[in-house]
Amino acid sequence: KIPLVIPTSLTVNKGDLVRFLCYLPDEHTQSLRWGFKNPDGPLPAGSYVYYGVLTMEARLNDTGEYICTDNKTSQSALPVILTVKDSTDNDAVQEIENIHDNDDYNNHLEQQQQQYENHDNEVGTVDENATHEYDEHGNNHDNNSNHEYGENHEYDINYHHINKYAGKPPRPVATPSDQVVKVGETARFHCDPNSDTPAIVRWGYETPDGPLRGDAVPEGDDLIIRSADNSDAGEYICTATNQYGSGEAEPVRLHVTESILI
1 KIPLVIPTSL TVNKGDLVRF LCYLPDEHTQ SLRWGFKNPD GPLPAGSYVY YGVLTMEARL
61 NDTGEYICTD NKTSQSALPV ILTVKDSTDN DAVQEIENIH DNDDYNNHLE QQQQQYENHD
121 NEVGTVDENA THEYDEHGNN HDNNSNHEYG ENHEYDINYH HINKYAGKPP RPVATPSDQV
181 VKVGETARFH CDPNSDTPAI VRWGYETPDG PLRGDAVPEG DDLIIRSADN SDAGEYICTA
241 TNQYGSGEAE PVRLHVTESI LI
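Going by UniProt numbering, the sequence shown runs without a break in its numbering and finishes at 262.
Structure below.
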């Protein structure tokens with residue numbers, strides 16, 4: 001899979017906080033890295049990457065292209081473009097005039113989509129969820145449980161007017177808080193990222209980054225333990241990340257009991 005990025009371009013004032021989100025649909029993001037001007041180019045001083053989110057305080061010489069790459073496959077997303085302007089107005093609002101109507105923006109999205117589809121055709125597999133509109137964690141909270149990306153192959157994000165401090169990290173909620181199953185039964189937990197912008201969800205065992213055990217596998221925003229045994233019992237923690245930061249849900253607990261033979 002080829003990494004996808006949100007947004008594809010930003011224009012900010014010097015000193016503004018900048019965040020670009022890079023992700024792999026339905027996959028963890030620990031393997032993603034960012035480069036400046038080329039995939040291996042050193043990032044500006046003070047910038048950092050956390051689970052695919054590149055964060056920096058904009059300086060004039062930070063203007064340019066940034067490239068996200070998957071370390072596992074060496075596949076890179078199309079470059080994102082950052083433009084930093086010099087402004088003395090600390091209260092300036094970043095005005096992005098309906099990027100969805102901007103030819104450059106649409107062309108970039110089409111190139112990114114075509115790149116992804118071409119890659120899937122080459123390897124002989126197509127992940128339909130990956131090519132659909134990524135709105136399951138978007139602006140419409142009523143659709144968070146839909147687990148569908150949509151049909152238009154565009155990101156359903158409103159960029160009309162973005163205030164410098166408008167974005168917020170996710171506030172994920174995982175349910176149910178406690179679940180009891182017998183040995184061999186299937187358990188399922190769901191994580192609602194509770195994010196106003198697209199977010200990626202990951203699960204950990206006992207700690208946010210704890211490796212999952214046995215038959216425990218992420219599926220969309222859910223965690224499924226297909227055939228639970230005693231080693232699966234314990235706490236699972238959901239973490240959600242958007243371009244503004246990360247948030248952790250309260251841990252959920254799985255209890256596994258022995259089957260009673262009659």
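Virtual Cβ for every residue (Gly too), placed ideally from N, Cα, C.
For the 8 Å CB-CB criterion, serine 195 and alanine 240 form a contact. The beta carbons of proline 3 and cysteine 22 sit about 5 Å from each other, so the pair counts as a contact at 8 Å. Annotated three-state conformation of asparagine 242 is strand, per DSSP. Taking the Cα positions, glutamate 57 is about 42 Å away from alanine 233.
Sorting Ala45, Cys68 and Gly245 by C-alpha distance to the C-alpha of isoleucine 81 places Cys68 at the top.
A residue is called buried when at least 16 other Cβ atoms come within 10 angstroms of its Cβ; arginine 188 does not meet this threshold and is exposed.
Secondary structure of aspartate 232 (DSSP, three-state): helix. Checking the DSSP bridge columns, you'll see arginine 19 partnered with Thr55. Leaving aside the five residues that flank valine 180 on each side, the residues in its chain whose CB is nearer than 7 Å to its CB run, in chain order, His255 and Thr257. The distance from the Cβ of valine 49 to that of tryptophan 34 is about 5 Å, consistent with a contact at the 8 Å cut-off. Within the same chain, and ignoring the five residues on either side of arginine 171 in sequence, the residues whose Cβ sits closer than 7 Å to its Cβ are Asn194 and Gly247. Boundaries of the beta strand (DSSP E) around glutamine 179: 178-182. Separation of the CB atoms of asparagine 242 and proline 208 is rounded to 16 Å, and the pair is thereby denied contact status at 8 Å. Remark: C-beta atoms of proline 169 and valine 252 do not approach each other more closely than 8 Å.
When rounded, the separation of the alpha-carbon atoms in glutamate 206 and glutamate 235 is 5 Å. Looking at the backbone, the Cα of threonine 83 and that of glycine 64 are separated by about 7 Å.
DSSP, reduced to helix, strand and coil, places aspartate 62 within a helical segment of the structure shown. A straight-line Cα-Cα distance of about 11 Å links serine 87 and arginine 59. Between the alpha carbons of proline 218 and proline 25 lies a distance of about 12 Å. Scanning its chain for C-beta atoms nearer than 6 Å, with the 5 sequence neighbours on each side dropped, one finds around aspartate 178 the residues Arg253, in chain order.
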